[in-house]
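Engineer: Each protein sequence line maps, in turn, to chains A and B. Its first residue numbered 1, the first sequence is counted upward by one per residue in my numbering. Its first residue numbered 112, the second sequence is counted upward by one per residue in my numbering.
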Amino acid sequence: DAGVTQSPTHLIKTRGQQVTLRCSPKSGHDTVSWYQQALGQGPQFIFQYYEEEERQRGNFPDRFSGHQFPNYSSELNVNALLLGDSALYLCASSKEGYGYTFGSGTRLTVV
Amino acid sequence: QKEVEQDPGPLSVPEGAIVSLNCTYSNSAFQYFMWYRQYSRKGPELLMYTYSSGNKEDGRFTAQVDKSSKYISLFIRDSQPSDSATYLCAMSAPGGSYIPTFGRGTSLIVHP
Numbered sequence: 001d002a003g004v005t006q007s008p009t010h011l012i013k014t015r016g017q018q019v020t021l022r023c024s025p026k027s028g029h030d031t032v033s034w035y036q037q038a039l040g041q042g043p044q045f046i047f048q049y050y051e052e053e054e055r056q057r058g059n060f061p062d063r064f065s066g067h068q069f070p071n072y073s074s075e076l077n078v079n080a081l082l083l084g085d086s087a088l089y090l091c092a093s094s095k096e097g098y099g100y101t102f103g104s105g106t107r108l109t110v111v
Numbered sequence: 112q113k114e115v116e117q118d119p120g121p122l123s124v125p126e127g128a129i130v131s132l133n134c135t136y137s138n139s140a141f142q143y144f145m146w147y148r149q150y151s152r153k154g155p156e157l158l159m160y161t162y163s164s165g166n167k168e169d170g171r172f173t174a175q176v177d178k179s180s181k182y183i184s185l186f187i188r189d190s191q192p193s194d195s196a197t198y199l200c201a202m203s204a205p206g207g208s209y210i211p212t213f214g215r216g217t218s219l220i221v222h223p
């Protein structure tokens, strides 16, 4: 049973560019949440998608946007990248609020 | 003040020691309490899940929740070098899809 898969594993972008990260949830899960984890910090909640709609959002600017597809997979988009956006981006899937399962993350470096 | 406070460590112990990891929180609405283990450059992996107050044991791991003090603990018995990782506490409230709020994590090093 495949868990949560994220792509790409690593990414280097230049300040001001845009980036798209992808996530496939665990089989049977219908909800996808995205977190940002800076070095030495805990994961910070960005937003959650359910039934292709953004259901909840954390304290992140509008430069962070997302999408969920009919097959429950999801994308995280970040526009106008800043150096401070460098972090590990984690995707977590769940079913009806239970069983948050994390992927291995995408490490984004902004130079 | 952050909703969830956790000492980042590092905590260094010899193999076989009993490890105690702790978090405090400020939000009285939290009802669900979790401990995740995160190895370097990997995603968090759920270790323990507890609802409300009390203790829960799973093998070498014991989770304790004291809601009156807003304090949770994870104990690891007979610690092994393979337990070396960052341990994240997380908690959530009913409603709002039980979205976990995390502490910053404690780095644990178990040396042979």
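For glycine and all other residues, C-beta sits at the position ideal for the given N, C-alpha and C.
#1: Between the region 145 to 161 of chain B and the region 96 to 107 of chain A, do at least 3 Cβ pairs fall closer than 8 Å?
#2: Would you mind telling me which residues of chain A sit closer than 8 Å to Lys167(B), beta carbon to beta carbon, in chain order?
#3: Provide the residue span of the beta strand (DSSP E) that contains Ala87(A), from first to last.
#4: According to DSSP, Ser123(B) sits in a beta bridge with which residue or residues?
#5: From the DSSP secondary-structure annotation, give me the bridge partner or partners of Leu157(B).
#6: Which whole-angstrom value describes the C-beta separation of Leu87(A) and Gln18(A), a residue pair presumed to lie in contact below a C-beta threshold of 8 Å?
#7: Can you give me the C-alpha to C-alpha distance between Gly28(A) and Lys95(A), rounded to a whole angstrom?
#8: Between Tyr50(A) and the rest of its own chain, which residues show a CB-CB distance below 6 Å, the 5 nearest in sequence each way excluded?
#9: Any idea if Ser203(B) is buried or exposed, counting beta-carbon neighbours within 10 angstroms, 16 or more meaning buried?
#10: Taking Cβ-Cβ distances below 8 Å as the criterion, which residues of the region 115 to 129 of chain B are in contact with chain A?
#11: Less than 8 Å between the C-beta atoms of Asn138(B) and Glu116(B), yes or no?
#12: Under 8 Å: do the region 202 to 222 of chain B and the region 116 to 128 of chain B share three or more Cβ pairs, one atom per stretch?
#13: Under a CB-based cut-off of 8 Å, is Gln56(A) close to chain B?
#14: Give the C-beta separation of Phe213(B) and Gly42(A) to the nearest angstrom, bearing in mind that I take them to be a contact with Cβ-Cβ under 8 Å.
#15: Taking 8 Å as the threshold (C-beta atoms), are Ser74(A) and Val66(A) in contact?
#16: So the beta strand (DSSP E) Leu76(A) belongs to, where does it begin and stop?
#17: For chain A, check one thing: does any of its Cβ atoms lie closer than 8 Å to the Cβ of Lys153(B)?
#18: Where are the beta strand (DSSP E) runs, 3 residues long or more, that stay fully inside the region 33 to 83 of chain A, in chain order?
#19: Using the Cβ count rule (16 or more neighbours within 10 Å means buried), how would you classify Pro211(B)?
Structural biologist: In terms of the structure at hand:
#1: yes
#2: Indexing the second sequence from 1 puts residue 167(B) at position 56. Under the 8 Å cutoff, chain A gives no residues; its nearest Cβ is about 16 Å from Lys167(B).
#3: Looking up residue 87(A) in the first sequence gives position 87. Note, Ala87(A): beta strand (DSSP E), Ala87 to Lys95.
#4: Residue numbering aside, residue 123(B) sits at position 12 when the second sequence is read from its first letter. In DSSP, Ser123(B) forms a bridge with Ile220(B).
#5: As a working mapping, residue 157(B) is identified with position 46 in the second sequence. Looking at the DSSP assignment, Leu157(B) forms a beta bridge with Tyr147(B).
#6: The residue you call residue 87(A) lines up with position 87 of the first sequence. The residue you call residue 18(A) lines up with position 18 of the first sequence. In the sequence under discussion, the amino acid at residue 87(A) is Ala, which differs from the Leu named in the question. Not a contact, Cβ separation roughly 16 Å.
#7: Residue mapping note: residue 28(A) aligns to position 28 of the first sequence, counting from 1. Residue mapping note: residue 95(A) aligns to position 95 of the first sequence, counting from 1. Gly28(A) and Lys95(A): Cα-Cα distance of roughly 7 Å.
#8: Within the first sequence, numbered from 1, the residue matching residue 50(A) stands at position 50. Counting only Cβ-Cβ distances below 6 Å, and skipping sequence neighbours, we find Thr31.
#9: Looking up residue 203(B) in the second sequence gives position 92. By the neighbour-count rule (16 or more Cβ atoms within 10 Å), Ser203(B) is buried.
#10: Val115, Gln117 and Pro119
#11: Looking up residue 138(B) in the second sequence gives position 27. Looking up residue 116(B) in the second sequence gives position 5. For Asn138(B) and Glu116(B), no; Cβs fall outside 8 Å.
#12: yes
#13: Residue 56(A) sits at position 56 when you count from the first residue of the first sequence. Taking Cβ atoms only, chain B reaches closer than 8 Å to Gln56(A), which makes this a yes.
#14: For the purposes of this step, residue 213(B) is taken as the residue at position 102 of the second sequence. For the purposes of this step, residue 42(A) is taken as the residue at position 42 of the first sequence. The pair is a contact, with the Cβ atoms about 4 Å apart (cut-off 8 Å).
#15: The residue you call residue 66(A) lines up with position 66 of the first sequence. The residue you call residue 74(A) lines up with position 74 of the first sequence. What sits at residue 66(A) in the sequence shown is Gly, not Val. In contact: Gly66(A) and Ser74(A) (Cβ atoms closer than 8 Å).
#16: Here the question's residue 76(A) lines up with position 76 in the first sequence. That run of the beta strand (DSSP E) goes Ser74 to Val78.
#17: As a working note, residue 153(B) is residue 42 in the second sequence. Answer yes: the Cβ-Cβ gap between Lys153(B) and chain A drops below 8 Å somewhere.
#18: 44 to 50, 53 to 57, 64 to 68 and 74 to 78
#19: Indexing the second sequence from 1 puts residue 211(B) at position 100. Label assigned to Pro211(B): buried.
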